[in-house]
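> Position in the sequence shown (from 1) plus 1 gives the number in our numbering.
Input: one structure, supplied below.
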Amino acid sequence: MSGLEALHATALAMVAPGRGILAADESNATMTKRLEAVGVESTEETRRHFRELLVSTPGAEEHISGVILYDETIRQQSADGRPFCELLSERGMVPGIKVDTGAKPLAGAEGEKVTEGLDGLRERLEEYYEMGARFAKWRAVIAIDDVLPSTYCIDVNAHALARYAALCQEAGIVPIVEPEVLMDGTHSIDRAEEVTLATLRAVFAALLDQRVALEGMILKPNMVLSGTDAPQQGSIEEVAERTLTLFRQVVPAAVPGIAFLSGGQSDELASAHLSAMNALGNVPWELSFSYGRALQATPLEAWSGDEAKEPDAQKAFAHRARCNGEARYGRYTEELEQSLAA
Ligand code: 5MM
Numbered sequence: 002m003s004g005l006e007a008l009h010a011t012a013l014a015m016v017a018p019g020r021g022i023l024a025a026d027e028s029n030a031t032m033t034k035r036l037e038a039v040g041v042e043s044t045e046e047t048r049r050h051f052r053e054l055l056v057s058t059p060g061a062e063e064h065i066s067g068v069i070l071y072d073e074t075i076r077q078q079s080a081d082g083r084p085f086c087e088l089l090s091e092r093g094m095v096p097g098i099k100v101d102t103g104a105k106p107l108a109g110a111e112g113e114k115v116t117e118g119l120d121g122l123r124e125r126l127e128e129y130y131e132m133g134a135r136f137a138k139w140r141a142v143i144a145i146d147d148v149l150p151s152t153y154c155i156d157v158n159a160h161a162l163a164r165y166a167a168l169c170q171e172a173g174i175v176p177i178v179e180p181e182v183l184m185d186g187t188h189s190i191d192r193a194e195e196v197t198l199a200t201l202r203a204v205f206a207a208l209l210d211q212r213v214a215l216e217g218m219i220l221k222p223n224m225v226l227s228g229t230d231a232p233q234q235g236s237i238e239e240v241a242e243r244t245l246t247l248f249r250q251v252v253p254a255a256v257p258g259i260a261f262l263s264g265g266q267s268d269e270l271a272s273a274h275l276s277a278m279n280a281l282g283n284v285p286w287e288l289s290f291s292y293g294r295a296l297q298a299t300p301l302e303a304w305s306g307d308e309a310k311e312p313d314a315q316k317a318f319a320h321r322a323r324c325n326g327e328a329r330y331g332r333y334t335e336e337l338e339q340s341l342a343a
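Okay, structure coming up:
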């Protein structure tokens with residue numbers, strides 16, 4: 002198998018029908034916020050414990066194709082002494098790794114950020130490949146307000162995403178390219194559409210300029226949504242239609258799959274939007290998920306650090322994974338959502 006064929010095969014496994022990706026790659030700062038919100042002290046061990054709880058959920062592999070790990074986690078082991086990558090691979094879930102080092106203030110552009118992490122990336126990727134990682138993730142963050150984002154911010158982030166993606170492919174690792182246009186704010190769905198279009202255009206131009214093989218990558222974008230505090234929210238159908246219409250214009254058919262981020266949507270809306278898009282279909286790519294909060298918030302709350310609640314937490318995680326797995330076929334329903342309670 003050539004290098005590109007291997008990348009393509011991994012990319013297809015990541016977006017296999019009925020399955021999607023668990024983003025469990027919170028940096029320690031973010032994970033600390035999440036744990037403290039449910040009254041759990043954030044330590045190396047509590048972070049490890051919660052992540053092991055998720056990935057060892059019985060049947061998780063039915064709907065979870067891959068898991069994005071954080072640098073701390075990929076070096077950790079399960080309670081019975083197996084490294085996380087081994088744990089995942091044995092159960093048919095592809096191990097992945099977040100390789101950016103975070104979004105930092107962009108010089109000369111107030112309120113905007115650029116994602117860092119390119120220095121030493123070639124060597125880090127080699128090490129992660131040795132550990133068993135077969136895909137990576139890099140997230141760029143684009144903020145919207147009346148004037149933002151600047152073309153400068155979009156362009157530097159697109160350039161960095163492409164540099165990262167090219168290095169990943171050189172190392173035999175599939176890059177998840179994540180340009181996230183944030184939901185925060187009062188902007189309209191029209192404005193979100195305009196900014197998402199400009200961002201994706203710049204990202205694909207940079208990917209092509211930097212010779213990234215589109216067959217060997219996965220796009221992880223936001224859906225086209227009104228700002229969280231916008232006076233008017235689009236309906237589920239409108240979000241699905243507008244997102245697909247926009248993506249048809251700008252995402253080349255050679256990309257094997259689009260794995261959406263949830264971006265702060267409720268669990269239910271993240272599933273409903275994905276389901277509505279898959280029901281519309283008629284697109285050249287797999288439409289999947291790579292959710293962080295929309296897969297983890299409910300199990301985290303159910304667990305809240307209580308050992309006795311671990312089975313409930315795993316049930317909650319299995320339920321969210323199943324709801325999103327069904328959404329991959331356009332089959333997520335209110336009845337399915339309520340079925341856990343029954
Ligand atoms: C899992 O959350 C990731 C957070 O990373 P940081 O701690 O470095 O901010 C994040 O990149 C995530 O993978 C994506 O945003 C998708 O997660 P959501 O919660 O938006 O589905």
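Note that beta-carbon positions come from the ideal geometry of N, C-alpha and C, so glycine has one too.
Keep in mind it's a predicted model, so treat the numbers as computed, not measured.
1. Based on the DSSP secondary-structure assignment, which residues constitute the bridge partners of glycine 258?
2. For the ligand 5MM, any of its heavy atoms closer than 6 Å to the Cβ of arginine 294?
3. Have a look at Lys138, Asp120, Glu62 and Asp81 and flag the residue whose alpha-carbon is nearest the alpha-carbon of glycine 97.
4. Look at the Cβ atom of aspartate 156, then the Cβ atom of alanine 203, and state whether they are nearer than 7 Å.
5. Run through the DSSP bridge pairs and tell me what isoleucine 177 is partnered with.
6. Measure the alpha-carbon distance for glycine 4 versus tyrosine 129 and round it to whole angstroms.
7. Any chance the region 53 to 60 sits against the region 101 to 110, with 3 or more Cβ pairs inside 8 Å?
8. For the alpha helix (DSSP H) containing alanine 61, list its first residue and its last residue.
9. Can you give me the C-alpha to C-alpha distance between threonine 229 and glutamine 77, rounded to a whole angstrom?
10. For valine 68, count the other beta carbons within 10 Å of its own beta carbon; 16 or more makes it buried, fewer makes it exposed. Which is it?
11. Can you tell me where the alpha helix (DSSP H) with glycine 326 in it begins and where it stops?
12. Following a CB-centred definition, is alanine 24 positioned closer than 6 Å to any heavy atom of the ligand 5MM?
13. So if DSSP puts proline 106 in a beta bridge, which residue, or which two residues, is it bridged to?
14. Have a look at the DSSP bridge pairing and note the partners of tyrosine 292.
15. Closer than 6 Å to a non-hydrogen atom of the ligand 5MM - does that hold for the CB of serine 28?
16. With respect to 6 Å, is the separation between the Cβ of arginine 164 and the closest non-hydrogen atom of the ligand 5MM below this value?
17. Tell me which same chain residues have a C-beta within less than 8 Å of the C-beta of alanine 14, skipping the five on either side of it?
18. I need the straight-line Cα distance from valine 178 to valine 251, nearest angstrom please.
According to the structure data:
1. Ile219 and Glu287
2. yes
3. Lys138
4. yes
5. Lys138 and Ile219
6. 17 Å
7. no
8. Alanine 61 -> no alpha helix (DSSP H), and no H or E assigned at all.
9. 36 Å
10. buried
11. 311 to 328
12. yes
13. Lys114
14. Leu23
15. yes
16. no
17. Ser66, Gly67 and Val95
18. 14 Å
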